[in-house]
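Each remark here refers to the structure printed beneath this line.
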Amino acid sequence: VPNPDLMCRWGATPFVRAVLFLALLTSPGCAPSDRPEILALATAGTGGVYYVLGGSIAEFWSRELPEQDFVAEVTGGSVENLSLLLAGDVQVAFSMGTNAHEVFNATGSFAGREPAQVLALAALYPNVLHLVTLEGTGVESLGDLVGRRVSVGAPGSGTEVGARTLLEGNGIGYDDFQPQRLNFNETASALRDGNIDAGFLSAGPPTSAIMDLATARPIRLVPIGVAEVDNTSALDPTVSRDFFPPGTYPGQELEVETLSTPNLLVVRADMSDDLVYELTKALFEVQAELVGVHPAARHTSGDYTLEISPIPLHPGSVRYFVEAGYEVPDRLISSR
Numbered sequence: 019v020p021n022p023d024l025m026c027r028w029g030a031t032p033f034v035r036a037v038l039f040l041a042l043l044t045s046p047g048c049a050p051s052d053r054p055e056i057l058a059l060a061t062a063g064t065g066g067v068y069y070v071l072g073g074s075i076a077e078f079w080s081r082e083l084p085e086q087d088f089v090a091e092v093t094g095g096s097v098e099n100l101s102l103l104l105a106g107d108v109q110v111a112f113s114m115g116t117n118a119h120e121v122f123n124a125t126g127s128f129a130g131r132e133p134a135q136v137l138a139l140a141a142l143y144p145n146v147l148h149l150v151t152l153e154g155t156g157v158e159s160l161g162d163l164v165g166r167r168v169s170v171g172a173p174g175s176g177t178e179v180g181a182r183t184l185l186e187g188n189g190i191g192y193d194d195f196q197p198q199r200l201n202f203n204e205t206a207s208a209l210r211d212g213n214i215d216a217g218f219l220s221a222g223p224p225t226s227a228i229m230d231l232a233t234a235r236p237i238r239l240v241p242i243g244v245a246e247v248d249n250t251s252a253l254d255p256t257v258s259r260d261f262f263p264p265g266t267y268p269g270q271e272l273e274v275e276t277l278s279t280p281n282l283l284v285v286r287a288d289m290s291d292d293l294v295y296e297l298t299k300a301l302f303e304v305q306a307e308l309v310g311v312h313p314a315a316r317h318t319s320g321d322y323t324l325e326i327s328p329i330p331l332h333p334g335s336v337r338y339f340v341e342a343g344y345e346v347p348d349r350l351i352s353s354r
């Protein structure tokens, strides 16, 4: 059963919230370890794609697996999600590939933890790093952030990890500018009100926080060039080159270079193989509906998962992919 302390942070439908509330009132004990009574999915803040897709995935899973109850949790993002997963407060989590790689290998934010406690259920879509400013600020490159007020993302978010890695890889430390730790909506509001000069957001484009900002102010995406991406990938092997196609955001007429890392759904390695198999199967059966929720889900496929996942798959997911006719690479087979 999810931690009642998280109840105020739900991002689910009223029906799902009601189901969880009743379960917490009437179930003093825990459900069997291989089949939790309530399955909680950790997403992120309300201005990002994790939240949008996560709420829909929880609803679709509830429909496809009616014997299981689901809830989507609003959280601080990728790093917090993995901490909640390790603590048993949630059972499935959205994670950037960067952070999933760290928790699997017990490095970075998860140094000192036991390795290989978390495995992938599926890869969903690229998490694209946005460096956003307004027209007229003079911020045209990464180096222009020096001395500026810059949002680096919420504490415990994948955005903050990605921003720090990019900056450190290119010789810019937090002492070189005025860092502010703001979530997506706070970053957009601070840009709109002139309280910061630029902000990082890591999400599947287009993300609602930036779309809303662009309706109020003329925005600019600051390019992250090939050399800067290469410097970053030397620190984070999950990073690769990416770009924003023209027209991704209002007023953006040209392609803009950037970087990305894959977004994953991850579970604990000790989750029931049968349950993970059912979740994986149901996820891909509703993929077309997810595209209708957010276009980033067009990437969600078996091919994308097997090509891009930076950590091994849970055996339950492997079973699904094998049954669906895929050849799973050896690097994605867990030794669990």
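19 is the number of the first residue of the sequence shown in my numbering; add one for each residue after it. Note that the Cβ used here is the ideal one computed from N, Cα and C, for glycine as well.
Under a three-way DSSP split, which group does residue 344 fall into? coil
Which of the three DSSP states is assigned to residue 123 in this structure? helix
Select from 182, 233, 222 and 102 the residue whose C-alpha is nearest the C-alpha of residue 141. 222
Measuring CA to CA, which of 200, 162 and 329 is closest to residue 191? 162
The region 318 to 329 / the region 110 to 128 touching (three or more Cβ pairs under 8 Å): yes
Buried versus exposed call for residue 129 [16 or more other C-beta atoms within 10 Å across all chains shown]: exposed
Tell me the DSSP secondary structure of residue 135 in three-state form. coil
Give, in chain order, every unbroken run of the beta strand (DSSP E) that is at least 3 residues long and sits entirely within the region 279 to 328. none
Using a Cβ-Cβ cutoff of less than 6 Å, which residues in the same chain neighbour residue 291 once the five nearest sequence positions on both sides are dropped? 333 and 334
Could you tell me which residues DSSP puts in a beta bridge with residue 221? 146
So, for residue 238: in the same chain, excluding its five sequence neighbours on each side, which residues have a beta-carbon less than 6 Å away from its beta-carbon? 151 and 153
Length at least 4, wholly inside the region 73 to 110: the alpha helix (DSSP H) runs in chain order: 96 to 105
DSSP three-state label for residue 197, please. strand
Between the alpha carbons of residue 164 and residue 195, how many angstroms are there, rounded? 5 Å
Among residues of its own chain, excluding the 5 on either side of residue 315, which ones have a beta-carbon nearer than 6 Å to its beta-carbon? 308 and 309
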